[in-house]
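In the UniProt record's numbering, the protein residues as written are 1 to 241. Here a beta-carbon is modelled for each residue, glycine too, at the ideal position from N, C-alpha and C. This report concerns only the one structure given below.
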Amino acid sequence: MIFVLGCHLLKETYENRSLDLVLRYLEGARNHDSRLIFDVLKYLAGLLVHRRLALDFVAAGGVDLLIRIERESLASVVVGTCLYYLAYNADAMEGVCLLPEQTLNELVHYALWLLEHSYESGRAGSSMFFTHAFQFRPILERFDDYDGPRRLFNYISTLTLLQEESNDVLSDEHLYTSMQAIRNTCMAFRSYMIAHIFVKVEHLKRTHISRLQCLKDIVIPSCVHGLPANKVDYCLSSFIH
């Protein structure tokens, strides 16, 4: 629904400089009602589906404004969705990875906080953000540095559905959200492991390529050659999507 709305109003969005208006609201987020910022972020999420708008948002310092949203506020729930749409756009994430170190640190800290403390939709958005962002080394390294694997696992470890001793009868809604949480977490861990495997392969390629080429019947995967230094999604998309 968000995607359809964004496409329909894309021309008007540019003509009326809607992104500039969104940025102004975010700059003064602490002075506005949380529900207003919540709606602003929902609209922003629809805009970030589009590559050009996502690039403009990153270039305008939008990521800094996103992670300044009050964590305990209702609006923070939608921050996870916005981060997910940014991570889904590889070009936008290239720009994100060029942001200052402190901004990247705070970005990963914020996403991990959402994973542990937000409402279910905020947690889902955060987990999907990591699913697509792990292919970028600056995010992957910080995730490891900040105890990310344990915190991601904790996302589902307390679910009633996974407690062997629990005899609770779950409602359909509770069962659905639990299954979605498990699915999101499994996808994130799969992406995490794939990213680390390719980082390791790239390391081995640099350090042992001359020796490997001397061995008969050793085939080096073609996707390994020319792997960009900043990201490892050169041949991950077939695994993730």
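Next item on the list: Consult DSSP for E15 and reduce its assignment to one of helix, strand or coil.
Entry: E15 falls in the helix class under three-state DSSP.
Check: DSSP state of F136, grouped into three classes?
Finding: Reduced to three states, the DSSP call for F136 is strand.
Check: Looking at L107 and S126, is the spacing between their C-beta atoms short of 9 Å?
Finding: No, they are not a contact pair.
Item checked: Opening and closing residue of the alpha helix (DSSP H) in which I37 lies -> First-last of the alpha helix (DSSP H) with I37: S34 to L47.
Item checked: Straight-line Cα distance separating F153 from D147 -> The straight-line gap from Cα to Cα measures roughly 10 Å.
Item checked: Cβ-Cβ distance between V58 and L104 below 9 Å -> Against a cut-off of 9 Å, the Cβ pair of L104 and V58 comes out as no contact.
Check: Helix, strand or coil: which one does DSSP assign to A181?
Finding: Helix, per DSSP.
Check: Rounded C-beta distance between C82 and L48? I'm assuming under 8 Å.
Finding: Rounded to the nearest angstrom, the Cβ distance from C82 to L48 is 6 Å, consistent with a contact under 8 Å.
Next item on the list: Determine the extent of the alpha helix (DSSP H) in which L115 is found, giving its start and end residues.
Entry: From DSSP, the alpha helix (DSSP H) with L115 extends over E101 to H117.
Check: What distance in whole Å lies between the Cβ atoms of E70 and R30, which are believed to be in contact at a cut-off of 8 Å?
Finding: Contact flag correct, Cβ pair sits at about 7 Å.
Check: Looking at the unbroken alpha helix (DSSP H) that takes in R51, where does it start and where does it end?
Finding: The continuous alpha helix (DSSP H) containing R51 extends over residues R51 to A59.
Next item on the list: Decide if P149 is buried, meaning its Cβ has at least 16 other Cβ atoms within 10 Å, or exposed.
Entry: The C-beta of P149 has fewer than 16 other C-beta atoms within 10 Å across all chains shown, which makes the residue exposed.
Next item on the list: Count the other CB atoms, across all protein chains shown, that sit within 10 Å of the CB of Y85; report buried if there are 16 or more and exposed otherwise.
Entry: It counts as buried.
Margin query: Do F129 and Y192 count as a contact pair if the criterion is CB distance below 9 Å?
Written below: For the 9 Å CB-CB criterion, Y192 and F129 do not form a contact.
Check: Mind checking whether A75 and F38 have CB atoms under 9 Å apart?
Finding: In this structure, F38 lies closer than 9 Å to A75 by Cβ.
Note to self: Classify S118: buried if its beta carbon has 16 or more other beta carbons within 10 angstroms, exposed otherwise.
What the structure shows: Buried, because 16 or more other Cβ atoms sit within 10 Å of the Cβ of S118.
Note to self: So, with DSSP's three-state summary, where would you put N89?
What the structure shows: In the structure shown, N89 sits in coil (DSSP, three-state: anything other than H, G, I, E or B).
Margin query: By the three-class DSSP mapping on this structure, what secondary structure does Y192 have?
Written below: Three-state result, Y192: helix.
Note to self: Using the three-state DSSP reduction, which class does residue 243 fall into: helix, strand or coil?
What the structure shows: Outside the shown range of the chain (1 to 241) lies residue 243, about which nothing can therefore be said.
Item checked: Presumed contact (8 Å Cβ cut-off) between S121 and V79, rounded CB distance -> The beta carbons of S121 and V79 sit about 11 Å from each other, so the pair does not count as a contact at 8 Å.
Next item on the list: Using a threshold of 9 Å, state whether the C-beta atoms of L10 and A60 are closer than that.
Entry: Judged by their CB atoms, L10 and A60 are not nearer to each other than the 9 Å cut-off.
Check: Nearest-angstrom Cα distance between D144 and L36?
Finding: So the alpha carbons of these two residues sit roughly 35 Å apart.
Next item on the list: On a CA-only basis, which of R137, Y88, A92 and S73 is nearest Y110? Give me that one, please.
Entry: Closest option to Y110, Cα to Cα, is S73.
Notebook entry, point to check: Roughly how many angstroms lie between the CA atoms of R68 and H208, to the nearest whole one?
Noted result: Each residue's CA atom was taken as its position, placing R68 and H208 some 44 Å apart.
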